[in-house]
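>
Numbering (this note's numbering), first residue to last: 75 to 153.
1) Within the present structure, is the beta-carbon of residue 97 separated from the nearest heavy atom of the ligand ATP by less than 7 Å?
2) What three-state label does DSSP hand residue 97 in the structure shown?
3) Below 8 Å, can you find three or more Cβ-Cβ pairs linking the region 128-143 to the region 108-116?
4) Grab the span of the alpha helix (DSSP H) containing residue 149 for me, first residue to last.
5) Considering only the beta carbon of each residue, do residue 117 and residue 98 sit closer than 8 Å?
Printed below as a string of structure tokens:
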């Protein structure tokens with residue numbers, strides 16, 4: 075599980091890139107200690123041994139969500 079701190083995230087340039095295949099993902103929203111979180115669970119490929127077990131969990135708090143939105147707007151030249 076990872077709670078992303080988008081404010082500290084750095085851009086990385088790689089020598090090679092590949093497009094990953096689509097996988098199932100679900101999201102949930104919950105509150106813990108008075109703070110709201112947005113969580114994305116991915117479930118990997120359909121040929122996994124444990125199909126219903128999440129393979130990646132990413133959590134964003136409100137500030138990280140705002141920072142991610144700003145970053146996506148910048149990188150995709152939205153608006």
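Note that beta-carbon positions come from the ideal geometry of N, C-alpha and C, so glycine has one too.
Short version:
1) In the structure on display, the ligand ATP does not appear, and there are no ligands present to speak of.
2) Residue 97 falls in the coil class under three-state DSSP.
3) The region 128-143 makes contact with the region 108-116, as at least three CB pairs between them are under 8 Å.
4) Looking at the DSSP string, the run of the alpha helix (DSSP H) that includes residue 149 is 136-149.
5) The answer is yes: Cβ separation under 8 Å.
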